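Before any comments, here is the structure.
Numbering (the working numbering), first residue to last: 2 to 330.
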């Protein structure tokens, strides 16, 4: 049995189909999104996007089973590859070993280390208003009331609006509400965000921005240090769900997410935004409330379900083991 993730394996998929034909192996595609929609967002020519779509969807028609990350994607694929194809939705879920095991105090000490003297900061990070960043991180360790940490994980891709997060954080930051925005990740689109962050932190002394690429061992600690997480993932297909939100759930922090219909499978719609103005209002509301909890994170829009309590291992056993058993029997 061969399990392959898509994207980015459209061309590998066709090689595996040849292998399947020659050796009678079983092929399962783990579909996280549609590669052709990502190509369209990246500026590919229309003919190239259409060709990629033909190869991607056409290739999946010949596999033995498909796993998806959302019910919406499962429904879409059923309509495109046929209802005879076994398709199962397996949600991304927190890994049990990582779930909120680090104390908030310890997590903020890890963040303070990153924004002051950690080698990774010098090599892969930049702090806008460095004095403010250091002061805010230190104040956050002491849990001062008017200091708020907002975290946003990103790959700086075209289907994210990190500029909205920076601008909204600047509008939310004021005398009684100092904001440290921590942006984790790396990518080709990082440069413009550095310029925007530098300009806004110069104009607003109550805002500090730290753009960091942290070690994986510290990643969930840096997320847990925050009061609030923000996802700017727009979804190129409108059918996938942001893994970064799952990372924030794992860290035990509440999340605001950009709205598109499928995201309702992951987070309550009342904690979503569609415009920068809505994000500003939600940031002010959530940071001022000081009643932040995780009650509205996993599947709160569907309280009748029990999926919110599943870890990744439990989800995998419930949704995938039976698929593999049937294919191998």
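Positions of the beta carbon are idealized from the N, C-alpha and C atoms, including for glycine. In this text, all values refer to a predicted model and were calculated from it rather than measured experimentally.
Is it right to say residue 106 is buried, meaning 16 or more other beta carbons lie within 10 angstroms of its own, or is it exposed?
-> Reading the chain shown from its first residue, position 105 is the one you call residue 106. Taking all protein chains shown into account, residue 106 has fewer than 16 neighbouring C-beta atoms within 10 Å of its C-beta and is therefore exposed.
Quiz item: Nearest CA to the CA of residue 251: which residue from 273, 19, 183 and 222?
Solution: What you label residue 251 is simply residue 250 of the chain shown in a count that begins at 1. When each option's Cα is compared against that of residue 251, the closest is 222.
Can you give me the C-alpha to C-alpha distance between residue 282 and residue 229, rounded to a whole angstrom? In the chain shown, the residue the question calls residue 282 occupies position 281. In the chain shown, the residue the question calls residue 229 occupies position 228. Residue 282 and residue 229 have their C-alpha atoms roughly 14 angstroms apart.
Next on the checklist: Just to confirm the assignment: which complete beta strand (DSSP E) runs, minimum length 3, are found wholly within the region 191-257?
Outcome noted: Within the region 191-257, the runs of beta strand (DSSP E) that reach at least 3 residues and sit entirely inside it are, in chain order, 208-213 and 229-232.
Inset, instruction - Look at the alpha carbon of residue 242 and the alpha carbon of residue 258, and state the distance between them as a whole number of angstroms. - result: In the chain shown, residue 242 corresponds to position 241, counting from 1. In the chain shown, residue 258 corresponds to position 257, counting from 1. Using only the alpha carbons, I get a separation of about 10 angstroms.
Review point. Which partner residues of residue 7 appear in the DSSP bridge assignment?
Key: As a working mapping, residue 7 is identified with position 6 in the chain shown. Answer is 32, bridged to residue 7.
_Residues of its chain near residue 234, where Cβ-Cβ distance is below 8 angstroms and the 5 sequence neighbours each way are ignored_ = Locating residue 234 in the chain shown gives position 233, counting from the first residue. Contacts found: 160, 161, 243, 245, 246, 258 and 259.
Of the residues 209, 163, 199 and 176, the one placed nearest residue 189, counting alpha carbons only
Sequence index remark: in the chain shown, residue 189 carries index 188 (1-based). Ranked by how close their Cα comes to the Cα of residue 189, the residues 209, 163, 199 and 176 have 163 in first place.
Legend entry - Span of the alpha helix (DSSP H), counted from its first residue to its last, around residue 111: By 1-based counting over the chain shown, the position of residue 111 is 110. Its alpha helix (DSSP H) spans residues 105-117.
**Q.** Under the three-state DSSP convention, the category residue 281 falls into
**A.** As a first step, residue 281 must be located in the chain shown, where it is residue number 280. Here residue 281 sits in helix by DSSP.
| beta strand (DSSP E) containing residue 151: first to last residue? | Walking along the chain shown from the start, residue 151 turns up at place 150. Its beta strand (DSSP E) spans residues 148-154.
Note to self: Would you call the region 39-47 in contact with the region 10-22, where contact means no fewer than 3 C-beta pairs closer than 8 angstroms?
What the structure shows: With a cut-off of 8 angstroms, the region 10-22 and the region 39-47 do not count as touching, because too few Cβ pairs lie within range.
Margin query: I need the straight-line Cα distance from residue 204 to residue 174, nearest angstrom please.
Written below: Your numbering for residue 204 matches position 203 in the chain shown. Your numbering for residue 174 matches position 173 in the chain shown. Cα to Cα, the separation comes out at about 11 angstroms.
Taking C-beta to C-beta, are residue 320 and residue 89 nearer than 7 angstroms?
Taking the chain shown and counting its residues from 1, the one referred to as residue 320 is at position 319. Taking the chain shown and counting its residues from 1, the one referred to as residue 89 is at position 88. Less than 7 angstroms separates the beta-carbon of residue 320 from that of residue 89.
Tell me which residue opens and which closes the beta strand (DSSP E) that residue 1 is part of. In the structure displayed, the chain extends from 2 to 330; residue 1 sits before or after that span and is not available.
| request: Express the C-alpha separation of residue 72 and residue 54 in angstroms, rounding to a whole number. | output: As a position in the chain shown, residue 54 is number 53, starting the count at 1. As a position in the chain shown, residue 72 is number 71, starting the count at 1. Between the alpha carbons of residue 54 and residue 72 lies a distance of about 20 angstroms.
- Query: With C-beta atoms as the reference, is residue 199 less than 7 angstroms away from residue 167?
  - Reply: As a position in the chain shown, residue 199 is number 198, starting the count at 1. As a position in the chain shown, residue 167 is number 166, starting the count at 1. Result no, Cβ atoms of residue 199 and residue 167 do not sit closer than 7 angstroms.
Open item on the list: Tell me the rounded alpha-carbon separation between residue 84 and residue 158.
Closed with: Translated into positions along the chain shown, residue 84 becomes position 83. Translated into positions along the chain shown, residue 158 becomes position 157. Rounded to whole angstroms, residue 84 and residue 158 show a C-alpha spacing of 33 angstroms.
| message | If I follow the unbroken alpha helix (DSSP H) through residue 163, where does it start and stop? | response | Counting from one through the chain shown, the residue named residue 163 turns up at place 162. First-last of the alpha helix (DSSP H) with residue 163: 163-173.
Check your understanding: So, helix, strand or coil for residue 294, using DSSP?
Key -> Taking the first residue of the chain shown as position 1, residue 294 is located at position 293. With a pLDDT of 44 at residue 294, under the threshold of 50, the modelled position of that residue is not reliable, and no figure is offered here.
* To do: Count the CB pairs spanning the region 210-221 and the region 270-280 that are closer than 8 angstroms, and state whether there are at least three.
  => The count of Cβ pairs closer than 8 angstroms, one atom from the region 210-221 and one from the region 270-280, stays below three, leaving the stretches out of contact.
*DSSP state of residue 260, grouped into three classes?*
By one-based count along the chain shown, residue 260 stands at place 259. Residue 260: coil per DSSP, three-state reduction.
Contact check, residue 111 vs residue 56 under 8 angstroms by CB: the rounded distance? Within the chain shown, numbered from 1, the residue matching residue 111 stands at position 110. Within the chain shown, numbered from 1, the residue matching residue 56 stands at position 55. Wrong, their Cβ atoms sit about 44 angstroms apart, outside the cutoff.
Q. With DSSP run on the structure shown, which of helix, strand or coil describes residue 355?
A. A query on residue 355 cannot be resolved here, the shown segment of the chain reaching from 2 to 330 and no further.
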